[in-house]
Structures are given as C-alpha cells and as structure tokens.
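**Q** One structure, as structure tokens, below. Some questions next.
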Amino acid sequence: MTYMNRFRRPVLALVAGALLCTGVAAQPASAQGQSGSSGPTLRQFADRADLRIGTAVDMAALAEDRTYRRTVGREFDSVTAENVMKWESVEPRRGVHDWKAADDLVRHARAHGQVVRGHTLVWHSQLPGWLTAGVADGSIGPAELRGILRKHITTEVKRYKGRIQQWDVVNEVFEEDGSLRNSLWLRELGPSYIEDAFRWAHAADPKAKLFLNDYNVEGVNPKSTAYYELAKRLRAEGVPVHGFGAQGHLAIQYGFPGQVAENLARFEALGMRTAFTEVDVRMILPTDSDKLATQASYFRRLLDACLGARSCTSFTVWGFTDRYSWVPGVFAGQGAATPMDEEYGRKAAYGALREGLAEGRPDGRQSGVGSGVRQ
Ligand code: G3I
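Residues -31 to -1, 1 to 344, numbered by mature numbering (1 follows the signal peptide of the UniProt record, and there is no 0), are exactly what the sequence shown covers, in order.
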C-alpha cells in the first residue's frame, strides 16, 4: 500500500461507509456509466471458464475498508497475501512468530469459498532483520542458515497444510540475463537452496502445488528460459516443482511481451501448471483514455494467454484498486495500474477482464469438465 494512501484511508473509509448507507457508492461513479447493472462478477465468469481469478490482498484495507472487503469477496475466488505471509511478517523476531494477519486471510478465504496462494517462502527481500543482520555479521553461518531456512519453510507450510492451494516457494531467483540472482541465499548456500526449498515445502504439505515465481518472464527471453531449463532439470531429478508463475507486472510504456503463449506452452509441455500471479499494468500519469485502453488490452492479452493454455490455473491481479496499489510508492510519477480506480470505479481494464472471462476458454473447457486444474 502506498503511504499517501495510508493517510487517506481512514477518511475515505468513513466517506465510503456513509455513501454505502445512502446506496450512492453501490455503483461507484465511473461504474455507473458501465453498460447494464452489476451482472455476473469476475469470479462467476471465471468459474465457468475453469479458472481461478485472484487478487493480492492488503490486510489493513481488508480490515478497515468495507468496500474493499466486499469487492474481494464478490469478485475473486483466489487470494494472495500481498505481504503478511512473507518472512519479515511471520517471524519478526527469531523464534517468535506472528501469524495473526496470515491466519485472518486464510480464515477470510475459507468463509468466502476462496483458495489461497501462499506468497512467498524464499525471497531476497522482506527478510526479517535478525536474519539479514546475523548473516551480515557472520553470527549465522551457512550450515545454521540452511537449518533456519528449512525450519521456516517447514513451520509456515505445515501451519497452513491443506489450506494453501499454491505456494510461491522461491521468488525472483534469476537476473534479467538468466544468471542466478546474487542473493544472500545463493552466496551462503549455493544454488541447491532452490531444490531444498521445494523438497522441504513438499514434505510439509504434499498436496500444495509448488511454484517458481518471477517478473519479466511472461514472454520468451533469457530469464524465462533460465526458469524453463531449471524446471526441466529439477523435475527430471524428481524435485517437486509443479508450477511456473509469471508475475505480470507490465507497463504500457514498455510494450507488451512477446511470445507469451509459446512461453506458457513450453512449461505446460514439461507437465507443469502455469499462472499469472501478480498482474498490474502501470502507466506514466496522468491517465487518459488512450492509456487506459492500452492498459485494458494488456490485461486482456495476458488473460487470453492464460485461458488459451490448459495448464494455466489462475490469474491474479496485484491489487484490484488503485487506492492501495504498491506502484506509486515505488515508481514515482506512475500508477493507475489496477482494474479499478481509487473510488472502485470499473476501468476499461475491468471490462476487458470481464469480457475475456465471459468468452471463456477457446477449447470451451468448463468448470469440472476439463482437467480440473482449478482445484
Ligand atoms: O510494515 C511496515 C510498517 O511497519 C512501516 O511503518 C512502513 C513504513 O516504513 O513499512 C511497512 O512495510 C512495507 C511493506 O510493504 C508492508 O506494507 C514496506 O515498507 C514496503 O516496501 C513493502 O512493499 C511491498 C513490496 O512488495 C516490498 O518489496 C508491497 O506492498 C508489495 O506489493 C510488493 O509485492 C512484491 C511481491 O511480493 C513480489 N513481486 C513484486 C511485488 C512488487 O514489488
């Protein structure tokens, strides 16, 4: 969540709550121009298309913003913890766990018939300070670090055994050129940390589907090819790597990635599931109708690639409203990256997703009829 929004949230929540009482916000302004009434939701169309449509969830917004909370339950049948399942959040002090927010999300999902994507077990970012400091000062050596990693994965995956459909086991492990990212994990443990992580996660929850996950891997390029070669090798060695997640953080000023269908197809040929796990399409502000139309086309093209791949089990947006998007806080002067505006008005991107889901899969696979990848 961006910090300018954090200050706005309490006020907006009050305003939103008041408007909801009058029914005015029932159809946010920019949605009132939408054709027809609310009609079927994204999740209703997705269900017919044998696809999970998901969103990353900001737990503070879920707790404090009623419109946000209602939209999550109405529009999506898969949720991903935007931050609260990350290591810095669940184990802020060594051996001292804080599961409350993660438990809240899993409980909310269960109450709303949603599956949960676990995000993320091993990453170079958002690690707890005690871990990074211990490695930096040498007080945690490689052998101890490997034990700490195994314990972290085992503890978190076991806690949610049977309640997490897919885990992003390792996140962002390659550089753009296809070389392994020079992370704390690679430096201290060597490349075997990746297969260790998958084996430990599988031992902790044999039913969870275990994913590789990264950005800038939507099309065919050196980075996604590195993932393809890694997955091919690990699966040949019997390592339980089940899925490949392309995050889908796009920007209209950089164009749309090439060969997306071909990329998904090669992972599918390995017998893997695929997914778009963090889709948003940012732009240089201010918005205008042309930029919003281009954004809508990018969302739709990624969704069509997913619907066209039997292996593509889920399509998750990294937040559904610009009100809580991470983008403005990271990319100065950019934003408007999600399918709804800051007042929950449905942008052209929302309509593009809805139309794509309504059209369904080109092979006509329906829920419960196809390979049942939605489970
Ligand atoms: O929790 C602290 C809070 O205590 C503190 O007061 C506040 C101000 O310093 O920071 C809060 O932590 C923030 C955290 O989000 C939780 O809100 C961090 O500063 C902030 O950097 C962090 O940003 C997250 C970012 O990952 C970190 O790299 C974004 O919300 C999140 O959307 C983003 O998500 C990642 C995926 O996990 C992996 N793929 C890329 C994607 C975008 O970067």
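Glycine is no exception: its CB is placed at the ideal position from the N, C-alpha and C atoms. Being a predicted model, the structure only gives us computed values, none of them experimental.
Is the region 312 to 330 in contact with the region 263 to 272, if contact means three or more CB pairs nearer than 8 Å?
**A** Touching, yes, given that three or more Cβ pairs across the two stretches are closer than 8 Å.
**Q** Just mark Val210 as buried or exposed, buried being the case when its beta carbon has 16 or more other beta carbons within 10 Å.
**A** For this step, residue 210 is matched to residue 241 along the sequence shown. With 16 or more other Cβ atoms within 10 Å, it is buried.
**Q** Below 8 Å between beta carbons: does that hold for Leu90 and Ile122?
**A** Within the sequence shown, numbered from 1, the residue matching residue 90 stands at position 121. Within the sequence shown, numbered from 1, the residue matching residue 122 stands at position 153. Yes. Within cutoff.
**Q** Quick one, are the C-beta atoms of Gln264 and Val250 less than 8 Å apart?
**A** The residue labelled residue 264 in the question sits at position 295 within the sequence shown. The residue labelled residue 250 in the question sits at position 281 within the sequence shown. Yes; because the gap between Cβ atoms is below 8 Å, this pair is in contact.
**Q** Does the region 202 to 216 come within contact of the region 252 to 264, defined as at least 3 CB pairs closer than 8 Å?
**A** No: fewer than three Cβ pairs fall under 8 Å.
**Q** Going by DSSP in three states, Trp136 sits in which element: helix, strand or coil?
**A** The residue labelled residue 136 in the question sits at position 167 within the sequence shown. Here Trp136 sits in strand by DSSP.
**Q** Would you say the beta carbon of Asp140 is closer than 7 Å to some non-hydrogen atom of ligand 1?
**A** Translated into the one-based positions of the sequence shown, residue 140 becomes position 171. Note on residue identity: the sequence assigns Asn, not Asp, to residue 140. Because some heavy atom of ligand 1 lies under 7 Å away, the Cβ of Asn140 counts as near it: yes.
**Q** From Val85 to Thr246, what does the alpha carbon distance come to, in whole angstroms?
**A** Within the sequence shown, numbered from 1, the residue matching residue 85 stands at position 116. Within the sequence shown, numbered from 1, the residue matching residue 246 stands at position 277. Going by the C-alpha atoms only, they are around 12 Å apart.
**Q** Run through DSSP, which three-state label would Ala(-7) get?
**A** For this step, residue -7 is matched to residue 25 along the sequence shown. Confidence in Ala(-7) is poor, its pLDDT being 36 and thus under 50, which makes the residue's placement unreliable; the coordinate value appears in the next sentence. DSSP places Ala(-7) in helix when its eight states are reduced to three.
**Q** Give the straight-line distance between the Cα atoms of Lys260 and Gly64, rounded to the nearest whole angstrom.
**A** Along the sequence shown, one-based indexing puts residue 260 at 291. Along the sequence shown, one-based indexing puts residue 64 at 95. Each residue's Cα considered, the two are about 48 Å apart.
**Q** Please report the distance separating the alpha-carbon of Val208 from that of Glu312.
**A** Residue mapping note: residue 208 aligns to position 239 of the sequence shown, counting from 1. Residue mapping note: residue 312 aligns to position 343 of the sequence shown, counting from 1. Each residue's alpha carbon lies about 45 Å from the other.
**Q** If I'm right that Val126 touches Asp174 with Cβ under 8 Å, what's the distance once you round it to whole angstroms?
**A** Counting from 1 along the sequence shown, the entry for residue 126 is found at position 157. Counting from 1 along the sequence shown, the entry for residue 174 is found at position 205. The pair is a contact, with the Cβ atoms about 5 Å apart (cut-off 8 Å).
**Q** Just checking my contact of Ala195 with Gly240 at CB under 8 Å: how many whole Å lie between their CB atoms?
**A** Within the sequence shown, numbered from 1, the residue matching residue 195 stands at position 226. Within the sequence shown, numbered from 1, the residue matching residue 240 stands at position 271. The Cβ separation is near 19 Å, so there is no contact.
**Q** Tell me whether the region 296 to 307 and the region 44 to 51 touch, counting them as touching only if at least three CB pairs, one residue from each stretch, are closer than 8 Å.
**A** Touching, no.
**Q** Considering only residues of the same chain and omitting the five flanking positions on each side of Phe130, which have a CB-CB separation below 6 Å?
**A** Position 161 of the sequence shown, counting from 1, holds the residue named residue 130. It should be noted that the sequence gives Lys, not Phe, for residue 130. Answer for Lys130: Asp174, listed in chain order.
**Q** Assuming Phe284 and Leu74 form a contact by the criterion Cβ under 8 Å, report the distance between their Cβ atoms to the nearest whole angstrom.
**A** On the sequence shown, residue 284 is found 315 positions in, with the first residue counted as 1. On the sequence shown, residue 74 is found 105 positions in, with the first residue counted as 1. In fact, because the Cβ distance is near 19 Å, the residues do not count as touching under 8 Å.
**Q** If the criterion is Cβ atoms closer than 8 Å, does the pair Tyr184 and Arg235 meet it?
**A** The sequence position of residue 184 within the sequence shown is 215, counting from 1. The sequence position of residue 235 within the sequence shown is 266, counting from 1. Not closer than 8 Å, so no.
**Q** Answer yes or no: the CB of Thr89 versus the heavy atoms of ligand 1, is any distance below 7 Å?
**A** What you label residue 89 is simply residue 120 of the sequence shown in a count that begins at 1. Checking the Cβ of Thr89 against ligand 1 gives yes.
**Q** Does Phe167 come out as helix, strand or coil in the three-state DSSP assignment?
**A** Here residue 167 is taken as the residue at index 198 of the sequence shown, counted from 1. Here Phe167 sits in helix by DSSP.
**Q** State the beta-bridge partners of Thr49 as determined by DSSP.
**A** The residue given as residue 49 occupies position 80 in the sequence shown. According to DSSP, Thr49 bridges with Ala25 and Arg86.
**Q** For Leu181, report the span of its beta strand (DSSP E) as first-last.
**A** Numbered from its first residue, the sequence shown carries residue 181 at position 212. Start and end: Lys178 to Asp183.
**Q** Quick check on Gln95: does DSSP put it in helix, strand or coil?
**A** The sequence position of residue 95 within the sequence shown is 126, counting from 1. Coil at Gln95, not helix or strand.
**Q** Answer with buried or exposed for Asn182, where buried requires no fewer than 16 other C-beta atoms within 10 angstroms of its C-beta.
**A** Indexing the sequence shown from 1 puts residue 182 at position 213. With 16 or more other Cβ atoms within 10 Å, it is buried.
**Q** Ordered along the chain, which non-local residues of its own chain (more than five positions away) have a Cβ less than 8 Å from that of Asp291?
**A** Taking the sequence shown and counting its residues from 1, the one referred to as residue 291 is at position 322. Closer than 8 Å at the Cβ level, and outside the excluded window around Asp291, lie Gly304, Ala305, Ala306, Thr307, Met309, Asp310 and Glu311.
**Q** By DSSP, does Gly333 sit in helix, in strand, or in coil?
**A** One-based indexing of the sequence shown puts residue 333 at position 364. If DSSP states are grouped into helix, strand and coil, Gly333 belongs with coil.
**Q** Which whole-angstrom value describes the C-beta separation of Thr24 and Val286, a residue pair presumed to lie in contact below a C-beta threshold of 8 Å?
**A** Position 55 of the sequence shown, counted from the start, is the residue given in the question as residue 24. Position 317 of the sequence shown, counted from the start, is the residue given in the question as residue 286. About 5 Å separates the two Cβ atoms, so the contact holds.
**Q** Work out the CA separation of Glu44 and Thr10 for me, nearest whole Å.
**A** For the purposes of this step, residue 10 is taken as residue 41 along the sequence shown, with counting starting at 1. For the purposes of this step, residue 44 is taken as residue 75 along the sequence shown, with counting starting at 1. Rounded to whole angstroms, Thr10 to Glu44 spans 5 Å at the Cα level.
**Q** Just mark Glu231 as buried or exposed, buried being the case when its beta carbon has 16 or more other beta carbons within 10 Å.
**A** Residue mapping note: residue 231 aligns to position 262 of the sequence shown, counting from 1. The residue is exposed, with fewer than 16 neighbouring Cβ atoms inside 10 Å.
**Q** With DSSP as the reference, identify every bridge partner of Gln303, one or two as the case may be.
**A** Here residue 303 corresponds to residue number 334 of the sequence shown, with the count starting at 1. Per DSSP, Ile253.
**Q** Spatial neighbours of Glu57 within its chain, please: CB distance less than 7 Å, with the 5 preceding and 5 following residues excluded, ordered by chain position.
**A** Within the sequence shown, numbered from 1, the residue matching residue 57 stands at position 88. Only Gln95, Leu96 and Pro97 meet the Cβ criterion.
**Q** Could you tell me the distance, in whole angstroms, from the CA atom of Ile163 to the CA atom of Gly314?
**A** In the sequence shown, the residue the question calls residue 163 occupies position 194. In the sequence shown, the residue the question calls residue 314 occupies position 345. Their backbone Cα atoms lie some 41 Å apart in a straight line.
**Q** Which term fits Gly116, buried or exposed, when burial requires 16 or more other beta carbons within 10 angstroms of its beta carbon?
**A** Residue 116 sits at position 147 when you count from the first residue of the sequence shown. Label assigned to Gly116: exposed.
**Q** So, is Glu144 buried or exposed, given that buried needs 16 or more other C-beta atoms within 10 angstroms?
**A** In the sequence shown, the residue the question calls residue 144 occupies position 175. It is exposed - the Cβ of Glu144 has fewer than 16 other Cβ atoms within 10 Å.
**Q** Could you tell me which residues DSSP puts in a beta bridge with Phe268?
**A** Reading the sequence shown from its first residue, position 299 is the one you call residue 268. Partner(s): none; Phe268 has no beta bridge.
**Q** How would you label Glu60, buried or exposed, when you count the other beta carbons within 10 angstroms and need 16 or more for buried?
**A** Along the sequence shown, one-based indexing puts residue 60 at 91. When all chains shown are included, Glu60 counts as buried.
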